[in-house]
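Engineer:
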Amino acid sequence: MDWGKVIFTFFALMSLTTTAGFLFEDSAVALFIAASINLISTLLKVGVRNLLAAELFASSLVADLHLIPAFVLLITGYSQSMVYTLVIGAILANIFSIILILIEAYKTRDEF
């Protein structure tokens, strides 16, 4: 078992689920945790060297650039609908990232 892939996939899934969790628990703490885990996931994607590495990194950056402004807007008391819009955008970017991980896993499996 490749523990690097396990940790990489774990944080990718955690960033998706914690971001989705914000939609059920509308709090600054939940959004901060989601953004923090997504930043860790982004840092883990920096060293990835596979076929879809650039796409994985880009999708993670998109999620970061949705979650960080959403957190700032939530703290400053800006429009709640704008915060939700940004969080949903981050969720879509994380879903895209998971799809890329699945495609990469399928391609790797076919090579063996």
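If you use the working numbering, the sequence shown corresponds to residues 45 to 156, in order.
Using N, Cα and C, we set each Cβ at its ideal position, and we do this for glycine too.
Sorted by chain position, which residues of the same chain lie with C-beta nearer than 8 Å to G48's C-beta, five sequence neighbours on each side aside?
Structural biologist: Cβ within range, chain order: n/a, list empty.
Engineer: Report the three-state DSSP secondary structure of V116 (helix, strand or coil).
Structural biologist: Residue state, collapsed to three classes: helix.
Engineer: Please state whether DSSP places S123 in a helix, a strand or coil.
Structural biologist: Coil at S123, not helix or strand.
Engineer: Should the segment 59–66 be regarded as contacting the segment 74–85, the criterion being three or more beta carbon pairs within less than 8 Å?
Structural biologist: Contact holds: three or more Cβ-Cβ distances are below 8 Å.
Engineer: Buried or exposed: I147, going by 16 or more other Cβ atoms within 10 Å of its Cβ?
Structural biologist: Counting Cβ neighbours within 10 Å, I147 comes out exposed, since fewer than 16 surround it.
Engineer: Let me know the secondary structure DSSP gives L67 once reduced to three states.
Structural biologist: In this structure, L67 counts as helix in the three-state DSSP scheme.
Engineer: Once you ignore the five residues that flank L144 on each side, which residues in its own chain have a CB closer than 8 Å to its CB?
Structural biologist: Correct list, in chain order: L96, E99, L100 and S103.
Engineer: Rounded to a whole number of angstroms, what is the C-alpha to C-alpha distance between D46 and N94?
Structural biologist: Roughly 14 Å separates the two Cα atoms.
Engineer: Do I81 and F115 come within 8 Å of each other at the CB atom, strictly closer than that value?
Structural biologist: No, these two residues do not count as a Cβ contact at 8 Å.
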